[in-house]
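Below is one structure, written out as structure tokens; comments come after it.
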Amino acid sequence: MALLAAGSAVPSALVALTVFRASAWACLLCFTSYKERLQICQIFVGLESPGLEKCEEALTDAFKGLQDTEINYEERSHLHDAFTQMTHSLQEVATAQGSFQVAFPHAAEKMQKIILQLKEVQACIRPCGLQEVARRFRCRGCYSTVCDLPLDCPVQDLTVTRGHQAMFFCTVNFQLPKEEITYSWKFAGGGLRTQDLSYFREIPRARGYLARIRPVQPTHRGTFSCVITHDQRPLARLYFFLNVTGPPPRGETELQVSFREVLRWTPREGEMIEPWTPSLGELLARPEALTPGNQCLLAAAVALASASATVLAWMFFRWYCSGD
């Protein structure tokens with residue numbers, strides 16, 4: 001039994017050596033099986049031909065130029081279909097008694113042109129975030145990878161005068177998925193400027209990408225954190241350190257200020273950040289507000305208001321004239 005086990009292990013080892021001797025897991029080895037490649041050579045030179053190994057080496061050597069290829073992760077299925085079509089074409093050439101020395105380089109050149117026509121790999125945008133849109137597939141190793149960037153973004157500093165308004169925009173400079181995006185906010189008080197998650201507590205009412213505090217008080221001094229999540233998977237964590245400046249309100253004594261600071265030391269997080277309901281002016285001030293579609297809607301609203309005013313004026317004039 002031991003001899004049988006050893007004997008059965010030999011062919012497996014030989015197959016493994018044959019595979020790893022090829023061009024370091026090139027795209028050919030990612031999108032075609034060993035059985036498919038062997039079948040192509042068997043059609044070209046015969047099932048038991050001495051030239052079978054030479055044919056296999058010629059096939060892998062022809063595709064060595066694709067071993068370091070990286071493609072957009074979304075294009076994997078397209079490239080797989082292209083290699084499937086290529087294997088069928090090579091089988092047809094072999095059936096027609098063509099030469100594999102000519103057919104293999106020609107197929108590799110054609111595949112290179114197809115790869116150049118695929119959607120380009122998007123560059124990683126620093127400094128942070130899990131960027132699925134930049135995920136890429138690497139033929140050297142047949143695996144996918146995303147940008148090697150941390151989830152935690154650098155702390156952004158914001159200084160606001162006491163009694164004024166503070167606004168935090170939880171936005172990133174890379175493309176987010178279009179659906180199932182959620183935002184959650186946390187706060188680390190006591191004037192801490194930190195990214196240590198153990199210091200943060202949830203702010204229940206804050207849920208959108210924009211949060212606002214008004215009026216800002218000294219108890220709001222600290223670090224606010226926003227977590228962007230897609231399908232319960234964090235994509236980025238943003239941090240905002242709020243520094244509150246300015247003298248206390250006029251007429252307050254130093255004792256009154258100290259007393260109020262003690263009372264406000266533990267703010268009610270549920271009331272810290274209020275839901276943002278922007279005015280028309282604030283909406284129009286945003287860069288993405290005046291899109292062509294919104295401009296058409298705004299023009300239509302102005303035209304309708306103007307027409308309504310004209311009709312009312314004409315009706316009033318008719319009524320006034322009929323009274324005379």
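Here the sequence shown stands for residues 1 to 324, where the numbers follow full-length UniProt numbering. No residue lacks a Cβ here, since even glycine has one placed at the ideal position from N, Cα and C.
Local Cβ density within 10 Å of residue i, reported as buried at 16 or more and exposed below that
| i | result |
| --- | --- |
| residue 169 | exposed |
| residue 220 | buried |
| residue 108 | buried |
| residue 311 | exposed |
| residue 315 | exposed |
| residue 90 | buried |
| residue 186 | buried |
| residue 100 | buried |
| residue 181 | exposed |
| residue 60 | buried |
| residue 55 | buried |
| residue 31 | buried |
| residue 242 | buried |
| residue 96 | exposed |
| residue 236 | buried |
| residue 313 | exposed |
Reduced DSSP category for residue i - H, G, I as helix; E, B as strand; rest coil
| i | result |
| --- | --- |
| residue 203 | coil |
| residue 218 | helix |
| residue 117 | coil |
| residue 225 | strand |
| residue 179 | coil |
| residue 97 | coil |
| residue 159 | strand |
| residue 139 | coil |
| residue 123 | coil |
| residue 230 | strand |
| residue 154 | strand |
| residue 184 | strand |
| residue 192 | coil |
| residue 266 | Because residue 266 carries a pLDDT of 43, less than 50, the predicted location of this residue cannot be relied on, and no value is offered for it. |
| residue 83 | helix |
| residue 317 | helix |
| residue 129 | coil |
| residue 302 | helix |
Inter-residue Cα distance where the pair is residue i and residue j
| i | j | result |
| --- | --- | --- |
| residue 134 | residue 147 | 7 Å |
| residue 88 | residue 141 | 25 Å |
| residue 127 | residue 154 | 8 Å |
| residue 21 | residue 57 | Legend: pLDDT at residue 21 = 38, less than 50; position of this residue unreliable, value from coordinates given subsequently. Whole-angstrom Cα-Cα distance: 9 Å. |
| residue 173 | residue 35 | 45 Å |
| residue 360 | residue 214 | The question about residue 360 has no answer, for the chain in this structure spans 1 to 324. |
| residue 319 | residue 308 | 17 Å |
| residue 41 | residue 79 | 22 Å |
| residue 304 | residue 69 | 57 Å |
| residue 198 | residue 149 | 22 Å |
| residue 53 | residue 145 | 34 Å |
| residue 98 | residue 45 | 10 Å |
| residue 234 | residue 300 | 41 Å |
| residue 94 | residue 43 | 6 Å |
| residue 178 | residue 228 | 13 Å |
| residue 317 | residue 302 | 23 Å |
| residue 113 | residue 38 | 25 Å |
| residue 33 | residue 81 | 13 Å |
| residue 232 | residue 202 | 16 Å |
From the options, residue whose alpha carbon lies closest to that of residue i
| i | options | result |
| --- | --- | --- |
| residue 159 | 78, 223, 74 and 307 | 223 |
| residue 111 | 27, 54, 243 and 96 | 27 |
| residue 200 | 190, 207, 209 and 208 | 190 |
| residue 162 | 73, 48 and 246 | 246 |
| residue 239 | 225, 232 and 230 | 225 |
| residue 103 | 29, 63 and 70 | 63 |
| residue 124 | 118, 132 and 117 | 132 |
| residue 244 | 218, 228 and 234 | 218 |
| residue 167 | 206, 77 and 114 | 206 |
| residue 71 | 182, 117, 32 and 211 | 117 |
| residue 66 | 99, 228, 151 and 29 | 29 |
| residue 208 | 183, 44, 164 and 188 | 183 |
| residue 138 | 74, 52 and 237 | 74 |
| residue 122 | 136, 113 and 152 | 136 |
| residue 143 | 317, 229 and 76 | 76 |
| residue 211 | 171, 120 and 232 | 171 |
| residue 129 | 313, 157, 176 and 86 | 176 |
| residue 216 | 164, 86, 193 and 232 | 164 |
| residue 195 | 49, 37 and 152 | 152 |
| residue 105 | 119, 120 and 86 | 86 |
Segment limits, beta strand (DSSP E) that includes residue i
| i | result |
| --- | --- |
| residue 145 | 143-145 |
| residue 235 | 233-245 |
| residue 70 | 70-72 |
| residue 355 | The structure shown does not extend to residue 355, since the chain spans only 1 to 324, so no value can be given for it. |
| residue 166 | 166-169 |
Residue interval of the alpha helix (DSSP H) (run including residue i)
| i | result |
| --- | --- |
| residue 45 | 34-45 |
| residue 31 | 27-31 |
| residue 62 | 52-62 |
Neighbour flag for residue i against chain C, beta carbons, 8 Å
| i | result |
| --- | --- |
| residue 163 | Absent here is chain C; the protein component of the structure consists of one chain. |
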